[in-house]
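Residue 12 in the UniProt record's numbering sits at position 12 of the sequence shown, and the numbers go up by one each step.
Everything below concerns the one structure shown next.
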Amino acid sequence: MEVILAILIGVLYAAGIYMILRRSLVKLILGIIILGNGANLLIFLLGRIVKGSPPIIPGDSEVFESIYADPVPQALILTAIVISFGLQSFAIILIKRAYKVVKTDDLDEMNAIDKDS
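This is the structure:
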């Protein structure tokens, strides 16, 4: 399972970087989204995949008696998802506004229009 996830992470990183290097703003945002999902899976994989109980110590003991799931990677991934959602929302609105003004989403054309002004 971990090998499949590692391959999937590599594919997501490669696809994300490829999309970021395209000239379109829409493809740039899609690349950032894909790259963020790859990073989230990487954090999940580094936290190790274990089938365990929640990390709650029973009242009659002082330490964990069985295998438990580590909550830190889950909390990090949840935080990363919320932050990436905010970034994506802002970028989509920014792209929509830039397209309204410039009438293109090509980065080279936007640079040429910026230099002409």
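For glycine and all other residues, C-beta sits at the position ideal for the given N, C-alpha and C.
- When only Cα atoms are considered, Ile77 and Ser84 end up about 10 Å apart.
- Across the set Lys27, Val26 and Gly36, the C-alpha of Gly36 shows the shortest separation from the C-alpha of Ile9.
- DSSP lists Ser24 as the beta-bridge partner residues of Asp106.
- Of the residues assessed, Ile17 falls on the exposed side of the cut-off, its CB having fewer than 16 other CB atoms within 10 angstroms.
- Among the bridge pairs identified by DSSP, Tyr99 is matched with none.
- Gln88 is positioned such that its CB atom lies closer than 8 Å to that of Ile29.
- Comparing alpha-carbon positions, the option among Pro54, Val82, Met19 and Ile81 lying closest to Pro71 turns out to be Pro54.
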